[in-house]
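Residue numbers for the sequence shown follow our numbering, so the first one is 4 and each next one is one higher.
Every residue gets a Cβ at the ideal spot worked out from N, C-alpha and C, and that includes glycine.
Computed from a predicted structure; not experimentally measured.
Note sheet for the following structure.
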Amino acid sequence: MPIKPKIVKIAAKFYTNKIKKWSSKPVETQKKVLHNLILQAKNTAFGKEHHFETIQSYQDFKQNIPLRDYEGLKPYINSIVEGKSDILWKGKPLYFAKTSGTTSGAKYIPISKESMPHHIQSARDSLMSYIHETGNTSIFSGKMIFLQGSPVLQEKNGIQLGRLSGIVAHYIPFYAKQNRMPSWETNCIEDWETKINEIVKETLPKNMSLISGIPPWLQNYFELLIKKSGKKTISEIFPNFSLLATGGVNFEPYRTRFKELIGKDIDLIETYPASEGFIAYQDTQTEEGLLLQLNHGIFYEFIPVEEYFDENPTRLSIEDVELYQDYAVVLNTNAGLWGYLIGDTVQFVNKNPYRIIVTGRVKHFISAFGEHVIGHEVEHAMKESLKKHHAQINEFTVAPQVNPSSGLPYHEWFIEFEKEPENLAAFALDIDKELRKKNVYYDDLITSKMLREAIITKVKKDSFNSYMKSVGKLGGQNKIPRLSNDRKIANLLSKFIINH
4 MPIKPKIVKI AAKFYTNKIK KWSSKPVETQ KKVLHNLILQ AKNTAFGKEH HFETIQSYQD
64 FKQNIPLRDY EGLKPYINSI VEGKSDILWK GKPLYFAKTS GTTSGAKYIP ISKESMPHHI
124 QSARDSLMSY IHETGNTSIF SGKMIFLQGS PVLQEKNGIQ LGRLSGIVAH YIPFYAKQNR
184 MPSWETNCIE DWETKINEIV KETLPKNMSL ISGIPPWLQN YFELLIKKSG KKTISEIFPN
244 FSLLATGGVN FEPYRTRFKE LIGKDIDLIE TYPASEGFIA YQDTQTEEGL LLQLNHGIFY
304 EFIPVEEYFD ENPTRLSIED VELYQDYAVV LNTNAGLWGY LIGDTVQFVN KNPYRIIVTG
364 RVKHFISAFG EHVIGHEVEH AMKESLKKHH AQINEFTVAP QVNPSSGLPY HEWFIEFEKE
424 PENLAAFALD IDKELRKKNV YYDDLITSKM LREAIITKVK KDSFNSYMKS VGKLGGQNKI
484 PRLSNDRKIA NLLSKFIINH
């Protein structure tokens with residue numbers, strides 16, 4: 004039986020009012036979160052080691068708790084994995100979210116009974132904020148699909164282990180269960196290609212109203228739907244499809260292609276979930292940025308990105324951040340992550356309330372020549388150039404070419420086009436111009452003839468899917484790095500180059 008629109012609107016108003024209460028008192032809210040975190044963890048092994056009982060202020064906190072990445076916290080996490088209690092957080096975690104590590108192999112991110120509800124509440128609140136603002140309750144009249152990892156969990160010393168999206172699948176709220184797709188059996192399929200084909204079979208005859216997932220895999224799903232149905236657009240297949248929810252990567256490079264695939268403008272909710280915590284979501288259709296979750300068991304700190312690799316970088320609470328500056332995110336959570344460098348960079352675009360945009364990954368950059376080009380700079384350059392040349396892409400990544408066979412070094416853009424620009428040389432120049440506007444160091448290198456302008460290398464259709472499959476990361480929440488400071492991805496993509 005469908006949920007009545009009136010009930011949905013009442014619930015949306017209730018939750019939106021709760022959000023406004025804490026978001027209107029951001030500094031006070033974060034101080035309370037910090038106090039509660041210290042109080043609840045003071046008797047843990049970590050709390051005793053770092054003298055939590057002496058912490059009275061944020062200044063004390065910074066003096067007692069050093070910054071660490073996963074490697075820094077790994078000895079504590081290893082103790083938890085071995086089955087020990089009261090290490091980073093009281094008791095044992097409910098789950099480990101397993102993620103891919105670059106230097107550490109698999110990472111085991113603890114999720115506690117206190118932190119788990121916030122993953123679910125934030126997803127709910129993003130939907131409720133949308134409904135309260137737009138009045139659109141029709142999403143509950145059709146089916147909803149969440150493209151996610153398998154919900155089949157393993158066990159490690161009494162603690163359930165799986166991908167975050169698979170863990171979350173066990174907590175689907177009652178109002179979404181009756182309309183949720185795909186079936187449990189299909190969702191449990193591990194192989195992505197098999198799974199996506201089964202999802203297409205299941206959903207083609209259905210009345211889909213809400214579709215959610217990370218952009219590259221949504222694009223894969225949409226293209227398969229169109230191919231199998233013989234229709235031209237998703238809106239022909241699903242006439243009542245009215246809301247797209249995405250997360251994991253910046254949606255902007257995909258926007259033009261999605262509009263073509265869907266066949267109409269559609270409302271969008273962008274989210275910023277991570278295994279470490281649900282950090283932010285888009286709470287309005289009319290303002291830029293994602294609402295930072297200040298009341299959900301996470302105390303946030305921010306480091307100016309240019310100081311990230313310094314021995315003693317500046318650590319700021321939200322009280323001291325500035326608009327439109329790049330910051331690396333530091334998390335302190337009610338799952339026991341302390342001074343944790345998650346590796347993401349953000350900018351604040353609003354402080355009333357605090358809204359952010361995700362600008363990239365600290366480890367995803369190009370600085371082979373001292374330019375330190377970061378994610379949002381290449382995404383901006385791509386977005387503006389696609390718009391100007393009426394082109395469309397499926398995916399792209401950028402790598403430095405330090406030792407070309409002839410001429411000056413350059414940045415090489417590997418692009419899988421859906422619709423090529425008429426003039427590829429002009430397109431490459433415009434990408435370069437836009438990047439030079441964003442990054443003065445890159446501009447100086449071009450001007451001083453240390454680098455030549457960007458080179459576009461076209462790759463074949465499905466090249467990036469093939470690459471992801473070759474490294475065992477096809478499907479789920481995995482995504483292509485936008486840029487690398489080496490040629491590892493570039494070398495693997497070289498077999499897909501179009502040589503004309």
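The stretch 188-206 makes contact with the stretch 149-159: 3 or more CB pairs, one atom from each, lie closer than 8 Å.
Between W25 and N353, the C-beta gap is not smaller than 8 Å, which leaves the two residues out of contact.
Using a 10 angstroms sphere on the CB of D323, the tally of other CB atoms stays under 16, which defines it as exposed. In this structure, H375 is the residue among Y174, H375, A371 and F302 with its C-alpha nearest to the C-alpha of D329. Straight across, the Cα-Cα distance linking H379 with K472 is about 26 Å.
The shortest CA-to-CA distance from S370 to any of G410, N335, K28 and H414 is the one to H414.
DSSP places W92 in no alpha helix (DSSP H); its state is neither H nor E. Residue state for K110 is assigned as strand, using DSSP reduced to three classes.
No residue range can be given for R166, since it is assigned to no alpha helix (DSSP H) and is classified by DSSP as neither H nor E. Distance from the CA atom of G138 to the CA atom of P219, rounded to whole angstroms, is 29 Å. Among the bridge pairs identified by DSSP, S215 is matched with F149 and A248.
For S388, the closest C-alpha among the options G363, L427, F372 and T400 is that of L427.
Under the three-state reduction of DSSP, I22 is assigned to helix.
Between E273 and E382, the CB-CB gap reaches or exceeds 8 Å. With respect to the 8 Å criterion, S278 and L167 are classified as neighbours on the basis of their beta carbons. For H299, the secondary structure class from DSSP, reduced to helix, strand or coil, is coil. Between N182 and K21, the alpha-carbon positions lie close to 26 Å from each other. For E201, the enclosing alpha helix (DSSP H) starts and ends at W195 to T206. In the structure shown, H414 falls within a strand segment according to DSSP collapsed to helix, strand and coil. Nearest to S132 by C-alpha distance, out of P69, V365, K23 and S232, is K23. The criterion of a C-beta distance shorter than 8 Å is satisfied by I83 and P113. A429: member of the alpha helix (DSSP H) spanning L427 to K441, first to last residue. For M453, the closest alpha carbon among the candidates T460, Q59 and P412 is that of P412.
Note on geometry: alpha-carbon atoms of P96 and H53 lie some 20 Å from one another. With at least 16 other beta carbons inside 10 angstroms of its own, T47 counts as buried. Linking A283 to E291 through their CA atoms gives a straight-line distance of about 13 Å. Between the beta-carbon of H367 and that of R485 there is about 6 Å, and that keeps the pair under the 8 Å contact cut. Taken through DSSP and simplified to helix, strand or coil, I360 comes out as strand.
Setting aside the 5 residues that flank it on each side, F351 is surrounded in the same chain by V324, L326 and I359, each with a C-beta closer than 6 Å to its C-beta; the list follows chain order. Rounded to the nearest angstrom, the gap between the Cα atoms of R490 and G346 is 21 Å. Under the three-state reduction of DSSP output, E291 falls in the coil class, being neither helix nor strand.
Rounded to whole angstroms, the separation of the alpha carbons of S27 and K34 is 14 Å. Taking C-beta atoms under 8 Å as the contact rule, E419 and V365 fail to qualify, at a distance of about 26 Å.
The shortest CA-to-CA distance from E437 to any of L477, K464 and K386 is the one to K386. Listed as beta-bridge partners of D347 by DSSP are R364.
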